[in-house]
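To keep things clear, I will list the structure first and then write my remarks on it.
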């Protein structure tokens with residue numbers, strides 16, 4: 001494989017100022033168009049120098065900016081090291097920004113690449129240069145990195161009002177929430193006042209280094225520490241003026257066994273399956289009496305039975321002041337009670353999924369004791385302590401909420417493939433997976449035997465991710481033998497099979513990867529037959545030898561037809577999972593609306 005900087009079809013289209021279809025036409029019509037030097041059949045990579053030469057030869061205008069050249073040089077080192085290289089570029093630029101012109105290097109950036117980064121910074125200012133690289137990095141790894149929406153981040157930092165004090169984010173990622181400080185105008189359009197000190201902790205060393213560089217290049221007094229905030233709290237004993245947090249959701253390996261007696265659990269030991277309630281208490285531990293916490297939570301955390309006792313204790317103490325439904329998550333607003341302070345009798349519960357601009361006025365009205373969006377705490381404690389905003393809609397809002405959820409339910413639905421029913425099954429010549437492996441059409445690979453996926457900088461696809469169809473949620477330290485995933489790879493666990501759409505992660509433990517020759521075998525075709533065989537694709541099963549899975553011998557065109565049908569069934573499975581969740585909400589809203597008179601049957605009755 002070439003070591004030149006590489007570009008994909010989208011990069012070529014952007015550089016030449018054309019659409020992707022034009023690039024496809026060039027490849028089809030010109031025999032001398034450069035051949036791929038990497039990637040996959042579906043997402044090939046091309047040598048940037050070869051593409052430039054070809055564009056010049058045909059007189060096609062193009063422009064490769066210095067920023068693009070730096071980015072392509074970073075990408076040439078490979079996806080698994082890209083984050084480390086971007087982090088090292090940040091260290092180089094912050095050192096130069098602080099007057100250390102030599103810039104620390106640990107060998108990741110060679111002299112040529114370091115020179116290009118420095119030249120980019122001189123031409124466009126260090127902050128602009130680094131944000132360009134970070135933007136490209138986040139685009140390339142959008143499925144592996146959880147990034148808080150800008151409008152939500154800005155809302156959170158405005159609500160906690162940390163101006164002139166200390167602001168902490170204990171799960172800061174690449175710094176999204178802390179960076180919102182510079183983007184959040186105060187009422188009246190005034191420029192934001194910065195905290196005196198910004199603190200952050202992040203499990204990934206790479207993300208922590210990127211966050212630190214982004215903050216320091218803005219001139220913020222920032223201290224960002226890499227490490228596990230739950231198990232190794234870098235700011236133990238510290239009380240900030242405010243805390244913001246977008247913690248990892250549904251992280252089962254958060255340290256339940258080691259932290260059972262931890263003093264942070266002032267409001268109760270978080271159940272093993274409620275890691276977000278551990279983060280809530282962690283944040284409250286780190287805020288001064290009277291200080292504010294804004295934390296994003298999964299919607300289910302407002303009602304799950306396992307967390308009922310902790311929610312009740314937070315309400316009794318006056319710590320939990322508001323639960324606000326936002327797109328994809330709930331925002332919990334908390335305040336650490338002052339000694340001897342009388343707790344409030346009501347809590348703000350608001351549905352702002354359709355309009356974030358509702359939140360600040362409603363919060364100000366609550367603080368001024370004039371809100372009409374509150375629920376009595378005594379009523380919540382007498383019931384299931386269910387704080388789901390949809391359940392506490394004002395009567396006027398139930399109909400609107402029902403209509404919105406119904407529309408989402410219908411939009412999430414998927415149709416099964418249109419399959420012809422045959423009177424007799426087809427009699428087709430067959431081949432086993434083992435034979436396909438022998439013929440070189442499939443390569444079978446597994447993760448390192450002792451691989452652990454519970455901490456590090458490398459994104460890892462886990463067995464749960466394969467089952468749910470979600471993005472990689474595991475992480476591992478860099479080590480020899482890791483298997484980088486490519487688009488078109490078929491990954492199987494004992495219970496499920498998935499075709500990979502994006503790279504950027506590595507194969508997790510207890511998974512098997514089947515890499516196909518895309519010129520002769522369709523990956524969805526193979527995945528479908530593996531699923532039909534029971535999904536028993538791990539080699540640990542003594543009852544089923546996956547190599548005996550039988551597939552019909554078909555031309556690639558017919559394989560793709562089967563593959564399309566198998567893929568539609570996988571989409572249907574994901575849609576059923578989503579509509580199940582929406583369906584429960586729809587039923588609850590329908591019951592509430594019919595019972596209180598805000599919904600009415602459409603047939604046979606006149607309202």
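In full-length UniProt numbering, the protein residues as written are 1 to 607. Backbone N, C-alpha and C define an ideal beta-carbon position, used for all residues, glycine too.
Distance check for residue j and residue i, CA to CA, integer angstroms please.
i	j	result
residue 166	residue 222	10 Å
residue 405	residue 90	43 Å
residue 413	residue 56	48 Å
residue 44	residue 69	19 Å
residue 624	residue 268	Nothing in the structure corresponds to residue 624, since the chain is present only between 1 and 607.
residue 210	residue 137	11 Å
residue 248	residue 146	8 Å
residue 278	residue 317	17 Å
residue 578	residue 469	11 Å
residue 189	residue 559	Low per-residue confidence applies at residue 189: pLDDT is 49, beneath 50, and the placement is therefore not dependable enough to give any value.
residue 328	residue 235	30 Å
residue 427	residue 496	27 Å
residue 554	residue 422	18 Å
residue 263	residue 216	33 Å
residue 347	residue 500	44 Å
residue 403	residue 466	33 Å
residue 265	residue 292	18 Å
residue 104	residue 258	Because residue 104 sits at a pLDDT of 49, beneath the cut-off of 50, its placement in the model cannot be relied upon, and the following sentence gives the value as read from the coordinates. So the two alpha carbons sit approximately 37 Å from each other.
residue 343	residue 95	48 Å
residue 526	residue 490	8 Å
residue 576	residue 4	45 Å
residue 452	residue 282	26 Å
residue 591	residue 602	15 Å
residue 419	residue 580	25 Å
residue 20	residue 354	34 Å
residue 82	residue 208	14 Å
residue 379	residue 296	24 Å
residue 206	residue 274	27 Å
residue 204	residue 456	6 Å
residue 384	residue 517	55 Å
Give a single yes or no on whether residue i has its beta carbon closer than 6 Å to a heavy atom of the ligand GTP.
i	result
residue 429	As far as ligands go, the structure on display features none, and thus does not contain the ligand GTP.
Relative to the C-alpha of residue i, which residue among the options is closest?
i	options	result
residue 483	506, 517, 465, 283	506
residue 250	29, 515, 472	472
residue 72	58, 113, 62, 53	113
residue 481	490, 504, 449	449
residue 178	64, 521, 366, 220	220
residue 288	330, 550, 441, 336	336
residue 229	331, 214, 199, 110	199
residue 285	338, 529, 274, 59	338
residue 176	196, 149, 239, 201	149
residue 159	144, 334, 83	334
residue 214	290, 574, 255, 125	125
residue 134	433, 50, 174	174
residue 508	201, 131, 475	475
residue 201	519, 212, 161, 224	224
residue 369	321, 401, 59	321
residue 272	31, 305, 573	305
residue 573	514, 596, 415, 549	415
Among the residues of its own chain, which have a CB less than 7 Å from the CB of residue i, if the five just before and after it don't count?
i	result
residue 408	582
residue 541	A caution first: residue 541 carries a pLDDT of 39, below 50, which makes its placement in the model too unreliable to give a value.
residue 487	40, 42, 43, 500, 501, 502, 503
residue 399	593, 598, 599
residue 187	For residue 187, the pLDDT reaches just 49, beneath the cut-off of 50, and the residue's location in the model is therefore unreliable, although a value from the coordinates is still provided. Around residue 187: no qualifying Cβ.
Tell me which same chain residues have a C-beta within less than 6 Å of the C-beta of residue i, skipping the five on either side of it?
i	result
residue 532	none
residue 524	499, 563, 566, 567
residue 121	93, 129
residue 376	346
Using C-beta distances below 8 Å, list every residue in its chain close to residue i, excluding the 5 sequence neighbours before and after it, in chain order.
i	result
residue 116	66, 69, 70, 73
residue 1	With a pLDDT of 42 at residue 1, under the threshold of 50, the modelled position of that residue is not reliable, and no figure is offered here.
residue 76	3, 4, 5, 6
residue 51	7, 12, 15, 34
For residue i and residue j, which I take to be in contact (beta-carbon distance under 8 Å), what is that distance rounded to the nearest angstrom?
i	j	result
residue 157	residue 180	5 Å
residue 431	residue 392	Not a contact, Cβ separation roughly 59 Å.
residue 477	residue 460	Incorrect: roughly 10 Å between the Cβ atoms, too far for contact.
residue 556	residue 529	With 8 Å as the limit, residue 556 and residue 529 do not qualify as a contact, their Cβ atoms being about 15 Å apart.
residue 352	residue 326	6 Å
Indicate whether at least one CB of chain D lies closer than 7 Å to the CB of residue i.
i	result
residue 83	Annotation note: the requested chain D is absent from the structure, which comprises a single protein chain.
Are there three or more Cβ pairs, one per stretch, closer than 8 Å when the segment 292-310 is compared with the segment 378-389? yes
For the segment 28-44 against the segment 8-19, do three or more pairs of beta-carbon atoms, one drawn from each stretch, fall closer than 8 Å, so that the two count as touching? yes
With three or more C-beta pairs closer than 8 Å as the rule, is the segment 225-245 touching the segment 158-175? yes
With three or more beta-carbon pairs closer than 8 Å as the criterion, would you say the segment 147-156 touches the segment 227-234? no
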